[in-house]
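Beneath this line is the structure, given in structure tokens, with notes to follow.
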Amino acid sequence: MAGLVFQHQMDYVKKGAWSTEEDQKLIDYIMQYRIWNWSHMPKFAGLSRTGKSCRLRWINYLRPDLKKGPFSIEEVEIVIRMYQSLGNRWSAIAKELPGRTDNEIKNFYHTHLKKHLGTKDEVKPKSRKKAKQIEMSNQKKPLITTCPNIEGPNDQSLDFTNSSSSSYITFDENYEILETSNQENDVTSIVNQVHDDNIVILESNPESSTSSSPSSVDLHINDFMDVSVHSSNVVDFWLDLYLAADNLKI
DNA sequence: AACCGTTCCAACCGCAAACGG
DNA sequence: CCCGTTTGCGGTTGGAACGGT
């Protein structure tokens, strides 16, 4: 009896993917009787599901006001902007995006943005065991990423455009500066040295930066990919980076 | 065609907050 | 205030789909 879990002695709950029949039962029931109690409603609707499963299915997939399809540029911008200010408060971010669910935004972040945005996750320890796990995970190597003109919590500000040579900078997860360099570095060797897919190396390129576009920077992704990014603030920068990366499928 | 690794997302789980008697 | 129940949240995972060899 795969996928069935006995809840009490007599009844069982189905788990796993929802069938179209189950979807229709849930839709029909809610359309007729509205949502009154998630935990009691499944048996009245003829569903062998937990209330929790029904709620999730409705909120994340069946609700008629859900927006389907890929995120628009405006939506991506909001996600990035909100994530910069709120961190992993997905439900709060979802409130700014009508028709999108917290789960959808969370998935979108993990699949499309995480490697570029780094992490701002605020993990709240729920137990001593959990706190210990967090402590251990924090001992891992720091996030390394770079961004032009970024202002971190300590008002550290970077300006790549005034540099006369290739530059890079590494941050930890709190945007504390770990290391800077203005030398002509072999960027590839830095990437290989750290073995971290999340690395983004930014290099200023004075030749390509004109006076009318002072915040233009060239993004060196690897030996085969270079992208120009023209952004004056961090949100626009990450948005441009997301779009560039998406185009290049990195 | 078969296999294998990767990506993506629907759905799960545990926990905490909110609710109500 | 207490305590049991319900709802909501965020992290995690199973597996389908896809791409490469």
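Each residue of the first sequence is one higher than the last, beginning at 1 in the UniProt record's numbering.
Glycine residues also receive a C-beta, built at the ideal position from the N, C-alpha and C atoms.
Only a predicted model underlies this, so the values are computations on that prediction, with no experimental measurement involved.
With Leu-86 as the anchor, note down where its alpha helix (DSSP H) starts and where it stops.
Working through the first sequence from its first residue, we reach residue 86 at position 86. Here the alpha helix (DSSP H) through Leu-86 covers 73-86.
Just confirm the distance between the C-beta atoms of Leu-62 and Leu-26, as a whole number of angstroms; I'd bet it's less than 8 Å.
Counting from 1 along the first sequence, the entry for residue 62 is found at position 62. Counting from 1 along the first sequence, the entry for residue 26 is found at position 26. Going by Cβ atoms, the distance from Leu-62 to Leu-26 rounds to 6 Å, so yes, they are a contact pair.
For Glu-104, which three-state DSSP category applies?
Taking the first sequence and counting its residues from 1, the one referred to as residue 104 is at position 104. Of the three classes helix, strand and coil, the one that applies to Glu-104 here is helix, per DSSP.
Endpoints, the alpha helix (DSSP H) within which Trp-90 is located
On the first sequence, residue 90 is found 90 positions in, with the first residue counted as 1. Here the alpha helix (DSSP H) through Trp-90 covers 90-94.
Buried or exposed: which applies to Arg-49, given that a residue is buried once 16 or more other Cβ atoms fall within 10 Å of its Cβ?
Mapped onto the first sequence, residue 49 falls at position 49. Buried, since its Cβ has 16 or more Cβ neighbours within 10 Å.
Neighbourhood of Pro-98 by C-beta distance below 6 Å, restricted to the same chain and skipping five residues each side
For the purposes of this step, residue 98 is taken as the residue at position 98 of the first sequence. Same-chain partners within the cutoff: there are none.
Thr-101 and Ala-92 - do their beta-carbons sit closer together than 7 Å?
Taking the first sequence and counting its residues from 1, the one referred to as residue 92 is at position 92. Taking the first sequence and counting its residues from 1, the one referred to as residue 101 is at position 101. No, these two residues do not count as a Cβ contact at 7 Å.
Secondary structure at Asp-236, three-state DSSP: helix, strand or coil?
Counting from one through the first sequence, the residue named residue 236 turns up at place 236. Asp-236 falls in the helix class under three-state DSSP.
Counting beta carbon pairs with one atom in the segment 65-80 and one in the segment 28-38, are three or more of them shorter than 8 Å?
no
Starting from Ser-53, follow the alpha helix (DSSP H) in both directions and report where the run begins and ends.
Mapped onto the first sequence, residue 53 falls at position 53. Counting along the chain, the alpha helix (DSSP H) containing Ser-53 begins and ends at 51-57.
Give the C-beta separation of Tyr-109 and Val-76 to the nearest angstrom, bearing in mind that I take them to be a contact with Cβ-Cβ under 8 Å.
Taking the first sequence and counting its residues from 1, one reaches residue 109 at position 109. Taking the first sequence and counting its residues from 1, one reaches residue 76 at position 76. Tyr-109 to Val-76, Cβ: 10 Å. No contact.
Find out if the Cβ-Cβ distance for the pair Pro-64, Cys-54 is shorter than 7 Å.
For the purposes of this step, residue 64 is taken as residue 64 along the first sequence, with counting starting at 1. For the purposes of this step, residue 54 is taken as residue 54 along the first sequence, with counting starting at 1. It is not a contact, given that the beta carbons lie outside the stated cut-off.
Label Met-82 either buried or exposed according to how many other C-beta atoms from any shown protein chain fall within 10 Å of its C-beta, with 16 as the threshold for buried.
Stepping through the first sequence from its first residue, residue 82 is reached at position 82. With 16 or more other Cβ atoms within 10 Å, it is buried.
Got a sec? Which residues, its chain only, sit under 7 Å from Ser-85 by beta carbon, not counting five neighbours each side?
Position 85 of the first sequence, counting from 1, holds the residue named residue 85. So the list is empty, once near-sequence residues are dropped.
Take Tyr-29 as the anchor and find which of Asn-88, Asn-107, Ala-45, Lys-15 has the nearest alpha-carbon.
For this step, residue 29 is matched to residue 29 along the first sequence. Ranking Asn-88, Asn-107, Ala-45, Lys-15 by Cα distance to Tyr-29 puts Ala-45 first.
C-alpha gap between Leu-59 and His-112, whole angstroms:
Here residue 59 corresponds to residue number 59 of the first sequence, with the count starting at 1. Here residue 112 corresponds to residue number 112 of the first sequence, with the count starting at 1. Sequence check: residue 59 is Ile here, not Leu. If you take the alpha carbons of Ile-59 and His-112, they lie about 22 Å apart.
Let me know the secondary structure DSSP gives Lys-67 once reduced to three states.
Translated into positions along the first sequence, residue 67 becomes position 67. In the structure shown, Lys-67 sits in coil (DSSP, three-state: anything other than H, G, I, E or B).
Under the rule that 16 or more other beta-carbon atoms within 10 Å means buried, what is Trp-238, buried or exposed?
Looking up residue 238 in the first sequence gives position 238. It is buried - the Cβ of Trp-238 has at least 16 other Cβ atoms within 10 Å.
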